[in-house]
Amino acid sequence: MPLPRVSVIMPVYQVEAYVAEAIRSVLAQSYADFELLIIDDGGQDRSIEICRGFDDPRIRIISQANRGLAGARNTGIAEARGEVIALLDSDDRWLPDKLMLHMIHLDSMPDVGVSYSGSRFIDSEGKPLRQAQRPKLNQVSAADIFCRNPVGNGSAPLIRRSMLNRIAFPHPDDPKRLCYFDENFRQSEDIELWVRLALKANCTFDGIKPLLTEYRIVRGGLSANVIRQYETWLCMYAKVEAYAPEFIAEHGARARAYQLRYLARRSVQLGDGSFALALMRDALATSLGPLIEQPIKTGLTLAAAILARWIKPAQLAAISRKWTGAEVIA
0 MPLPRVSVIM PVYQVEAYVA EAIRSVLAQS YADFELLIID DGGQDRSIEI
50 CRGFDDPRIR IISQANRGLA GARNTGIAEA RGEVIALLDS DDRWLPDKLM
100 LHMIHLDSMP DVGVSYSGSR FIDSEGKPLR QAQRPKLNQV SAADIFCRNP
150 VGNGSAPLIR RSMLNRIAFP HPDDPKRLCY FDENFRQSED IELWVRLALK
200 ANCTFDGIKP LLTEYRIVRG GLSANVIRQY ETWLCMYAKV EAYAPEFIAE
250 HGARARAYQL RYLARRSVQL GDGSFALALM RDALATSLGP LIEQPIKTGL
300 TLAAAILARW IKPAQLAAIS RKWTGAEVIA
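Using numbering that gives the first Met the number 0, you'd call the opening residue of the sequence shown number 0 and step up by one each time.
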């Protein structure tokens with residue numbers, strides 16, 4: 000059989016509530032020249048049983064001991080036969096024309112190594128929220144990627160295999176196994192790869208306008224999780240500094256400020272206004288870049304942190320529901 004042009008890599012671990020939706024969104028693509036590699040990452044729920052219930056010759060299920068998201072993606076990329084790698088997390092969904100529009104984009108712009116689009120948010124039940132990721136799409140620099148991560152999430156990009164081959168490295172404990180994502184990262188593995196592609200492979204990132212990914216927002220831990228996010232981001236920062244010190248010297252402070260602002264918004268969502276205020280104070284002390292470049296968004300984040308600090312959790316939840324929109328909207 001001819002090789003597929005696109006290999007869709009979907010790690011699966013403890014997602015029985017969502018995985019069927021993710022698979023259906025792939026099988027419903029208007030662009031049909033793909034394979035779907037489902038990477039069973041050693042979960043204990045019914046996720047893989049659900050996956051096996053789909054009867055489509057384009058699906059392959061590959062099982063392994065748990066390696067985390069980065070390790071599962073690496074396994075999928077190694078097994079992939081397509082010239083383009085598409086990533087989909089198993090709790091997210093795609094709109095039906097996503098692959099088609101990205102392949103048109105890549106075919107028409109051979110210098111582009113990563114094609115991505117914005118994403119709209121859905122809640123745990125799959126209902127669209129009012130918020131969306133509408134990132135910078137064109138003339139994207141390595142600094143844009145490091146400071147703002149326009150790709151947004153791991154379900155948004157399609158990546159040329161040739162670009163991934165440029166930054167592959169042997170696993171430190173198993174030299175026969177190539178890594179693309181750094182398996183030392185259990186968070187921030189996406190942005191670490193995007194920055195490495197931009198700086199080491201001179202990869203061009205370019206986006207298209209439609210919001211083609213549905214990115215699921217599921218409430219997790221409170222401030223401890225935010226702290227872990229920042230710690231892993233700092234590990235990524237240190238890795239970049241080791242191979243691109245001049246880049247960090249120029250853009251590091253602004254990138255830290257943007258990351259702290261993002262974590263402040265995350266803390267507001269989790270109802271921890273005190274921590275959000277502390278993060279915003281640190282962000283503005285680190286760099287005024289976000290305030291100068293995005294005064295409205297930065298001001299709104301600060302106002303939300305103050306509000307979350309002083310009102311009761313029930314009132315904050317009511318305001319949050321009204322703002323995000325916990326119902327389907329057009």
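We treat Cβ as the ideally placed atom computed from N, Cα and C, and that holds for glycine.
Residue i - DSSP class collapsed to helix/strand/coil
i    : result
I76  : helix
M108 : coil
P174 : strand
D271 : coil
S114 : strand
P134 : coil
Y242 : helix
I310 : coil
Cβ-Cβ separation, residue j to residue i (assumed contact under 8 Å), whole Å
i    : j    : result
S62  : Y17  : S62 to Y17, Cβ: 19 Å. No contact.
G81  : S6   : 4 Å
I84  : I166 : With 8 Å as the limit, I84 and I166 do not qualify as a contact, their Cβ atoms being about 13 Å apart.
L86  : P1   : Not quite, the Cβ-Cβ distance comes to about 23 Å (not below 8 Å), so this is no contact.
I49  : A19  : 5 Å
L36  : A79  : 6 Å
F246 : L196 : Actually they are not in contact, since the Cβ atoms of F246 and L196 sit about 14 Å apart, beyond 8 Å.
Beta-carbon proximity check, residue i vs residue j, cutoff 8 Å
i    : j    : result
T212 : G112 : no
V150 : W93  : no
I305 : L276 : yes
Q28  : P95  : yes
R133 : G117 : yes
Residue of the options minimising C-alpha distance to residue i
i    : options                   : result
G41  : S154, P10 and I216        : P10
C234 : G270, S140, L94 and R185  : R185
N201 : D189, V139 and Q228       : V139
C178 : A71, L269 and D39         : A71
A330 : S273, H170, K296 and L259 : The first residue shown for the chain is 0 and the last is 329, placing residue 330 beyond what the model contains.
V158 : P109, P127 and F120       : Just to set this straight, residue 158 is Ile in the shown sequence, not Val. Considering only alpha carbons, the answer is P109.
Y236 : R215, G251 and E245       : G251
Y214 : I76, P174 and S24         : S24
R253 : T285, E240 and R195       : T285
D91  : A21, Y257 and N73         : A21
A31  : D173, L163 and P3         : P3
H170 : A77, A241 and V225        : A77
3-residue-minimum beta strand (DSSP E) runs that sit fully inside the region 152-200, ordered along the chain: Counting whole runs of 3 or more residues, the region 152-200 contains the beta strand (DSSP E) stretches 157-159, 168-170 and 173-178.
Mind listing, in chain order, the continuous alpha helix (DSSP H) runs of no fewer than 4 residues lying wholly within the region 2-27? Every alpha helix (DSSP H) stretch that sits fully inside the region 2-27 and reaches 4 residues is listed by chain position as 18-26.
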